[in-house]
Amino acid sequence: MTKISKRLKAIVEFVDKKDSIVDVGCDHGLLSIYLVENELCKKVIASDINQNALNSAIANIKKRNMNIETILSDGIENISLKGINTLVISGMGTSTILHILSNDSKIKNIKKLLIQSNNDHEYLRRSLNDKGFYLEDESYVLDKGKWYVTCKFIRSDKINSLKELKYGFLNNSEYNDYLVMSERKIYKRIPWTSIRSKLKALKKLRAIKKAISEK
Ligand SMILES: C[S@@+](CC[C@H](N)C(=O)[O-])C[C@H]1O[C@@H](n2cnc3c(N)ncnc32)[C@H](O)[C@@H]1O
């Protein structure tokens, strides 16, 4: 049986049996393999921009005698999304993710996005909400000392609250503590001689504490 990291399992938690998925930037292909091996969805296509990464996915798929389509592609450029309703994009930065999702007409039939971005979660949430994807759920896992945020967006005109867009769901007290600690670290690092930045950081720290206390 294929083993996957805690971080990838967090994505699996948001996958449904009816999903037909493209795993964009599949690298080793382990997520795609895990989903097919455990019959967790209808279909998966594994794709990557990098031939070496895709070769490693192909080798992992072959080793297990499985049948998973693999495609070399920058984002979804070379992939027909006919019959696909879900995109998984993980292990990249928000700007790359938004670039991949920039072709609105190509993704018009995509109903679900499962995204694990390395950075700029607020910008990611805002941009995707603007594009007609509603943040329906979010989970937080600590894997090998690092926190990972997994976002589940569904196609909908619904607008997330400003608080959700800014901070996510704030439903994991350990992750909330980490958010406060990160803001406190930033605040402490700024010298009082940079008074504007210091006060800005203090405002941010207070805002996150307030948002958490109101949950
Ligand atoms: C850090 S790995 C993450 C792999 C896997 N998704 C995961 O979460 O474990 C990032 C992968 O994304 C691929 N990638 C980066 N930019 C891409 C793009 N524009 N289109 C497709 N794949 C891309 C890289 O080649 C690499 O294999």
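Numbering of the sequence shown is given in our numbering, commencing with residue 6 and proceeding in unit increments. Built from N, CA and C at the ideal position, the CB exists for glycine as well.
Between which two residues does the alpha helix (DSSP H) harbouring residue i extend?
| i | result |
| --- | --- |
| I191 | S178 to R194 |
| L169 | The residue asked about is misnamed: residue 169 is Glu in this sequence, not Leu. Its alpha helix (DSSP H) spans residues L167 to Y172. |
| L40 | L35 to E42 |
| S61 | Q56 to K68 |
Suppose you measure from the CA of residue i to the CA of residue j; what does that come to, to the nearest Å?
| i | j | result |
| --- | --- | --- |
| F158 | G137 | 9 Å |
| S25 | I115 | 10 Å |
| L184 | N70 | 43 Å |
| I112 | Y128 | 20 Å |
| V20 | W197 | 48 Å |
| L92 | T101 | 14 Å |
| A206 | N43 | 46 Å |
| I217 | E141 | 19 Å |
| R31 | R201 | Reading off the sequence, residue 31 comes out as Cys, not Arg. Spanning the two alpha carbons is a distance of roughly 43 Å. |
Could you check where the beta strand (DSSP E) with residue i kicks off and where it finishes?
| i | result |
| --- | --- |
| R201 | Careful: R201 lies outside any beta strand (DSSP E), inside the alpha helix (DSSP H) at I200 to S218. |
| K4 | In the structure as shown, the chain begins at 6 and stops at 220. Residue 4 is therefore absent and cannot be evaluated. |
| E82 | Note, E82: premise wrong, no beta strand (DSSP E); not H, not E. |
| S144 | F138 to D148 |
What does DSSP give as the partner residues of residue i in its beta bridges?
| i | result |
| --- | --- |
| F19 | None; F19 has no bridge partner. |
| R131 | Answer is none; R131 lacks a bridge partner. |
| D162 | Looking at the DSSP assignment, D162 forms no beta bridge with any residue, so it has no partner. |
| L77 | D53 |
| D24 | D24 pairs with nothing; no bridge assigned. |
| T155 | S144 |
For residue i, count neighbouring C-beta atoms within 10 Å of its own C-beta (all shown protein chains included) and say buried if the count is 16 or more, exposed if not.
| i | result |
| --- | --- |
| G1 | Not covered by the structure: residue 1. The range shown for the chain is 6 to 220. |
| G34 | buried |
| G150 | exposed |
| A228 | This structure gives no information on residue 228, because the portion of the chain shown stretches from 6 to 220. |
*Please list the segments of the beta strand (DSSP E) lying wholly inside the segment 92-125, counting only runs of 3 or more residues, in order along the chain.*
117-122
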